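For reference, the structure discussed in these notes is given below.
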Amino acid sequence: MNRELQRHLSPDARTRVLFYQRPDGAFGYSVEQFQIDDWPEDNYHDEYWETRTDRNAIFHSLEAAIKEAAVEFPWLRNRTRS
């Protein structure tokens with residue numbers, strides 16, 4: 000089972016990126032998007048986080064995973080500095 004190391008929420012609070020370490024020691028990340036399903040005609044409303052992509056890339060370090068994710072999500076650059 001993967002161990003979550005960091006979770007970062009986008010400035011608009013609609014996207015979050017989760018960085019994890021796999022059991023074999025490699026690192027990866029997944030991206031989730033906040034969804035709202037609203038159909039008043041059916042009296043239905045639901046809010047949930049949905050995995051937007053299934054990334055199979057693995058990285059040798061957490062720093063490498065963050066660097067790769069920051070290409071797509073530049074706001075990560077300011078949130079992941081130690």
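Numbering (numbering that gives the first Met the number 0), first residue to last: 0 to 81. For each residue, glycine too, the CB sits at the ideal point set by N, CA and C. For clarity, every value in this text was computed on a predicted model and none was experimentally measured.
Note down, in chain order, each residue of its chain lying with its Cβ closer than 7 Å to the Cβ of residue i, except the 5 sequence neighbours on either side.
i, result
"Asp45", "Asp36"
"Ala69", "Leu75 and Arg76"
If you draw a straight line from the C-alpha of residue i to the C-alpha of residue j, how long is it?
i, j, result
"Ile65", "Gln34", "24 Å"
"Tyr43", "His59", "44 Å"
"Glu40", "Leu61", "46 Å"
"His7", "Phe26", "16 Å"
"Thr50", "Leu17", "10 Å"
"Gly24", "Trp38", "44 Å"
"Arg78", "Ala56", "22 Å"
"Glu67", "Leu4", "16 Å"
"Ala63", "Asp11", "25 Å"
Excluding the 5 residues preceding and the 5 following residue i in the sequence, name in chain order all residues of the same chain whose CB lies nearer than 8 Å to its CB.
i, result
"Arg13", "Gln32 and Phe33"
"Asn1", "Tyr19, Gln20, Arg21, Pro22 and Gly27"
"Trp48", "Arg15, Glu31, Gln32, Phe33 and Gln34"
Is residue i near residue j, with beta carbons less than 8 Å apart?
i, j, result
"Ser9", "Phe72", "yes"
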